[in-house]
Amino acid sequence: MSFAGQTIAITGGSSGLGLQLARNFAQQGARLALMARDADRLDSAARECGGDVFTFVGDVTKEEDCRAFIQQVVGERGGLDHLIANAGQSMWARFEEVEDLSLYRRLLEVNYLGAVYCTHAALSALKQSRGQVVVISSIQAKVGVPLHTGYGASKHALEGFIDALRYELDGTGVNLLKIYPHWIRGTELRRHALGPDAQPMGKRKRSHSDSGVDVDKCAGAIMNAMARRRQTLYVPWTLRYVQFIKNLFPGFVRWSIRRKVGDQK
1 MSFAGQTIAI TGGSSGLGLQ LARNFAQQGA RLALMARDAD RLDSAARECG GDVFTFVGDV
61 TKEEDCRAFI QQVVGERGGL DHLIANAGQS MWARFEEVED LSLYRRLLEV NYLGAVYCTH
121 AALSALKQSR GQVVVISSIQ AKVGVPLHTG YGASKHALEG FIDALRYELD GTGVNLLKIY
181 PHWIRGTELR RHALGPDAQP MGKRKRSHSD SGVDVDKCAG AIMNAMARRR QTLYVPWTLR
241 YVQFIKNLFP GFVRWSIRRK VGDQK
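In our numbering, the protein residues as written are 1 to 265.
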């Protein structure tokens, strides 16, 4: 399947996975619409992609911004074929050390409500095009990980929302695709992760695993899944066994996670 001529809206489209997807779609001749908070980075992304790119400066935590973004895309393009709810934020803090609990509200607003707002605004147009919604979830929607209590909770909320919505959209022609990636190398998710004070951690020292998947490989896998109108995608594919193993051997999974995370701070 070629995406040439199709209108694709991407939140968080100025950096990381969103930008890589935009680059790839642009190479295929898609008509892009990118939303992000930073106007300069959006302009840079549009120049890099070239071709037919619409940009919108807005915040996914604001329902009015999400609705205005989708309305302008549909108005400018005459419709919408794909919505990719990619904007996201993480955290890095032990729960008992969190100083500002607004961190949890922020993560729900970005990771969960941002997708809800955009999906609600786009649904009518997607029904007309028999298009699809792609949500960038996380393997943490399936299994909790220490230091990420708020992040995992927000992805669990997204999981429940999409599962329920799928039933409601039966027969409409709209496809819902959930992406469950490992940590993606080549993004700024870790730099923007919220610390105990609910502020981005930036380059504050903390240990990380070097395991993960390259952003270009993740983007390619997502595009392939979209072309095939799949309902789920694990990146890498071996992550599909995590839920199965967790159900059968919960003690082993807990031991494995403790061993991997250790005393990271």
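Don't be surprised by glycine CBs; every beta carbon is placed ideally from N, CA and C.
As the structure is a computational prediction, the values presented were derived from the model and not from experiment.
Quick check on His-208: does DSSP put it in helix, strand or coil?
For His-208, the pLDDT reaches just 48, beneath the cut-off of 50, and the residue's location in the model is therefore unreliable, although a value from the coordinates is still provided. Residue state, collapsed to three classes: coil.
Quick one: using the 10 Å Cβ neighbour count with 16 as the cut-off for buried, is Ala-227 buried or exposed?
With fewer than 16 Cβ atoms within 10 Å of its Cβ, Ala-227 is classed as exposed.
Asn-24, enclosing alpha helix (DSSP H) - first and last residue
16-27 is the span of the alpha helix (DSSP H), which, as asked, contains Asn-24.
Buried/exposed call for His-208, threshold 16 Cβ in 10 Å:
A caution first: His-208 carries a pLDDT of 48, below 50, which makes its placement in the model unreliable, though a value can still be read off. With fewer than 16 neighbouring CB atoms inside 10 Å of its own CB, His-208 falls in the exposed class.
DSSP-derived helix/strand/coil call for His-82
It is a strand residue.
Of the choices Leu-158, His-82, Gln-89, whose alpha-carbon is the least far from that of Lys-127?
The shortest Cα separation from Lys-127 among Leu-158, His-82, Gln-89 belongs to His-82.
Among the residues of its own chain, which have a CB less than 6 Å from the CB of Asp-263, if the five just before and after it don't count?
For Asp-263, the predicted structure reports a pLDDT of 46, less than 50, and the residue's modelled location is therefore unreliable. A value from the coordinates is still provided. Closer than 6 Å at Cβ, skipping near neighbours: no residue.
Three Cβ pairs or more, each shorter than 8 Å: is that satisfied between the segment 59-69 and the segment 113-126?
In short, these stretches touch, since the Cβ pair count reaches three.
Integer-rounded CB distance, given that Glu-188 should sit under 8 Å from Gly-16:
Yes, they are in contact, since the Cβ atoms of Gly-16 and Glu-188 sit about 6 Å apart, within 8 Å.
Assuming Ala-93 contacts Leu-147 under a Cβ cut-off of 8 Å, what Cβ separation, rounded to an integer in Å, is found between them?
That belief holds up - the Cβ atoms of Ala-93 and Leu-147 are roughly 6 Å apart, short of 8 Å.
Between Gln-71 and Lys-178, what straight-line distance do the alpha-carbon atoms span, to the nearest angstrom?
In a straight line, the C-alpha of Gln-71 is about 24 Å away from that of Lys-178.
Which of helix, strand or coil DSSP assigns to Gln-236:
The displayed chain sequence assigns Pro, not Gln, to residue 236. Assignment of Pro-236 by DSSP, reduced to helix, strand and coil, places it in the coil class.
Would Val-174 and Val-213 qualify as a contact pair, given that the criterion is a beta-carbon distance under 8 Å?
Taking 8 Å as the Cβ cut-off, Val-174 and Val-213 do not qualify as a contacting pair.
Would Thr-232 be called buried (16 or more neighbouring beta carbons within 10 Å of its own) or exposed?
Counting Cβ neighbours within 10 Å, Thr-232 comes out exposed, since fewer than 16 surround it.
Does DSSP put Met-35 in a helix, a strand or coil?
Here DSSP, grouped into helix, strand and coil, assigns Met-35 to strand.
With a CB to CB cut of under 6 Å and the five nearest residues on each side skipped, what residues in its chain are close to Pro-181?
Taken in chain order, the residues that qualify are Cys-218, Val-235.
Would you call Phe-25 buried or exposed, if buried means 16 or more other Cβ atoms sit within 10 Å of its Cβ?
Buried, since its Cβ has 16 or more Cβ neighbours within 10 Å.
Between the Cα of His-192 and the Cα atoms of Phe-69, Leu-103, Tyr-167, Cys-49, which residue gives the shortest distance?
Ranking Phe-69, Leu-103, Tyr-167, Cys-49 by Cα distance to His-192 puts Leu-103 first.
Just to confirm my understanding: we take Pro-196, look at its own chain, exclude 5 residues before and 5 after, and list those with CB closer than 6 Å. What are they?
Closer than 6 Å at the Cβ level, and outside the excluded window around Pro-196, lie Ala-93, Glu-97, Val-98, Glu-99.
Going by DSSP, what residue range makes up the alpha helix (DSSP H) through Ile-179?
From DSSP, Ile-179 is part of no alpha helix (DSSP H) but of the beta strand (DSSP E) over 175-181.
If you count every other CB in all the chains shown that lies within 10 Å of the CB of Ser-90, and 16 or more means buried, which is it?
Around the beta-carbon of Ser-90, 16 or more other beta-carbon atoms lie within 10 Å, marking it buried.
Please tell me whether Thr-61 and Val-110 are closer than 8 Å, where the distance is taken between their beta carbons.
For Thr-61 and Val-110, yes; Cβs fall inside 8 Å.
Below 7 Å CB to CB, which residues in the same chain sit around Cys-49 once its five sequence neighbours on both sides are set aside?
Closer than 7 Å at Cβ, skipping near neighbours: Ala-22, Arg-23, Ala-26, Leu-32.
Check Val-143 in the structure and name its three-state DSSP category.
DSSP places Val-143 in the coil class of the three-state scheme, outside both helix and strand.
By DSSP, does Pro-200 sit in helix, in strand, or in coil?
Correct three-state label for Pro-200: strand.
C-beta atoms of Gly-78 and Ser-129 nearer than 8 Å
Contact: no.
So what's Asp-100 in DSSP terms, helix, strand or just coil?
Correct three-state label for Asp-100: coil.
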